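Residue numbers for the sequence shown follow the working numbering, so the first one is 26 and each next one is one higher.
The beta-carbon is built from N, C-alpha and C at its ideal position, and this holds for glycine as well.
Just so you know, these numbers come straight off a predicted model, no measurement behind them.
Working notes for the structure below.
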Amino acid sequence: MDFKDLIQKRYSVRQYKSTSIDREKIEKVLEAGRMAPSAVNYQPWEFIVIREPEMLEKIHSCYSREWFKSAPVVIVVCGDHAEGWHRAADGKDHTDIDVAIAVDHMTLMATEMGLGTCWVCNFNPLLAREILELPQNLEPVAMLPLGIPREDDDLSTKVKKRKPLNQIVHWDCYKG
Ligand SMILES: Cc1cc2nc3c(=O)[nH]c(=O)nc-3n(C[C@H](O)[C@H](O)[C@H](O)COP(=O)(O)O)c2cc1C
26 MDFKDLIQKR YSVRQYKSTS IDREKIEKVL EAGRMAPSAV NYQPWEFIVI
76 REPEMLEKIH SCYSREWFKS APVVIVVCGD HAEGWHRAAD GKDHTDIDVA
126 IAVDHMTLMA TEMGLGTCWV CNFNPLLARE ILELPQNLEP VAMLPLGIPR
176 EDDDLSTKVK KRKPLNQIVH WDCYKG
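See the structure below:
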């Protein structure tokens, strides 16, 4: 798929078919995350793939939306702030940025494969940490439900609601 079409086609899928997703397909999505660029190439991320019904049920308690329960797979993308690059000039931690790029690679790969995803950050991180028994250094940054979109949820042809370029782009200086 042409890249322009791919970014147009990706949308937040909030209804999935119950069909399970083959491990190889999940691995292809994970591989796209693995190949993401990161500051100083530190790759401060770890991916937890949840497929077991018992674990899925537990993870649903971190984000109690009905639609979330329809996804057969949830990838919890974690950031390791001890591994991320901290800029010398001001100490800025780039872990979240790196994790976001990995997540975005995964969303685009999934779209190309005919699968749906949706960024989820509005979950309870303390609960997620406990359920997944995460070590202290790992922060659950995003949850990525993954599955086959339900046909009647195909919003991909809808015009994306975005600010126009002339509202967000400045040429040469802020007032440009
Ligand atoms: C960092 C981030 C966090 C998000 N968290 C949630 C979330 O918790 N729940 C949800 O339903 N959508 C969430 N979204 C999805 C956005 O609502 C969605 O991307 C946005 O409305 C644009 O729609 P589109 O993805 O269909 O193009 C999140 C997106 C991003 C990038």
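TODO: Step through the CB atoms of chain C and report whether any lies within less than 8 Å of the CB of F72.
DONE: As a matter of chain content, chain C is missing from the structure shown, which is built from one protein chain.
Task: Proximity below 8 Å, CB of V38 to CB of T142 - done: Stepping through the sequence shown from its first residue, residue 38 is reached at position 13. Stepping through the sequence shown from its first residue, residue 142 is reached at position 117. A contact, by the Cβ cut-off of 8 Å.
Task: Cβ shell of L140 (< 8 Å), same chain only, five flanking positions each side left out - done: Position 115 of the sequence shown, counted from the start, is the residue given in the question as residue 140. I46, K50, V54, L171, G172, I173 and P174.
Task: Whole runs of the beta strand (DSSP E) within the segment 94-121, excluding any shorter than 3 residues - done: 98-105
TODO: May I have the straight-line CA-CA distance separating W144 from I156, to the nearest angstrom?
DONE: Residue mapping note: residue 144 aligns to position 119 of the sequence shown, counting from 1. Residue mapping note: residue 156 aligns to position 131 of the sequence shown, counting from 1. Near 20 Å, if we compare the C-alpha coordinates of I156 and W144.
TODO: Using 7 Å as the cut-off, classify the Cβ of S37 as near or not near the heavy atoms of ligand 1, replying yes or no.
DONE: Within the sequence shown, residue 37 is the residue found at index 12, counting from 1. Within the cutoff, so yes.
Task: Minimum C-alpha distance to R35 - residue among A135, E56, Q68 and A107 - done: The count along the sequence shown starts at 1 and reaches residue 35 at position 10. Residue A135 is the option with its Cα nearest to R35.
Open item on the list: Measuring only the C-alpha atoms, how far is F148 from H85?
Closed with: Counting from one through the sequence shown, the residue named residue 148 turns up at place 123. Counting from one through the sequence shown, the residue named residue 85 turns up at place 60. About 9 Å.
- [ ] Output the boundary residues of the beta strand (DSSP E) element that contains M60.
- [x] As a position in the sequence shown, residue 60 is number 35, starting the count at 1. From DSSP, M60 is part of no beta strand (DSSP E); its letter is neither H nor E.
Open item on the list: For ligand 1, is there any heavy atom lying closer than 7 Å to the beta carbon of V145?
Closed with: Indexing the sequence shown from 1 puts residue 145 at position 120. Indeed, a heavy atom of ligand 1 lies less than 7 Å from the Cβ.
Open item on the list: Distance check for H111 and K117, CA to CA, integer angstroms please.
Closed with: Numbered from its first residue, the sequence shown carries residue 117 at position 92. Numbered from its first residue, the sequence shown carries residue 111 at position 86. So the two alpha carbons sit approximately 5 Å from each other.
Open item on the list: Let me check you understand the geometry: is the CB of K94 closer than 7 Å to at least one non-hydrogen atom of ligand 1?
Closed with: Working through the sequence shown from its first residue, we reach residue 94 at position 69. Flag unset: Cβ of K94 not near ligand 1.
Task: Counted within 10 angstroms of its Cβ, other Cβ atoms place L31 as buried (16 or more) or exposed - done: Walking along the sequence shown from the start, residue 31 turns up at place 6. Classification of L31: exposed, given that the 10 Å Cβ count is below 16.
Task: Sequence-distant residues of the same chain with beta carbon closer than 8 Å to V124, five excluded per side - done: If you number the sequence shown from 1, residue 124 lands on position 99. These residues qualify, in order along the chain: P69, W70, V102, C103, G104, V166 and A167.
TODO: Could you have a look at W144 and say whether DSSP puts it in helix, strand or coil?
DONE: If you number the sequence shown from 1, residue 144 lands on position 119. The answer is coil: DSSP assigns W144 none of H, G, I, E or B.
Open item on the list: Using only the alpha-carbon positions, how far apart do R154 and E108 sit?
Closed with: Here residue 154 is taken as the residue at index 129 of the sequence shown, counted from 1. Here residue 108 is taken as the residue at index 83 of the sequence shown, counted from 1. Rounded to the nearest angstrom, the two C-alpha atoms are 18 Å apart.
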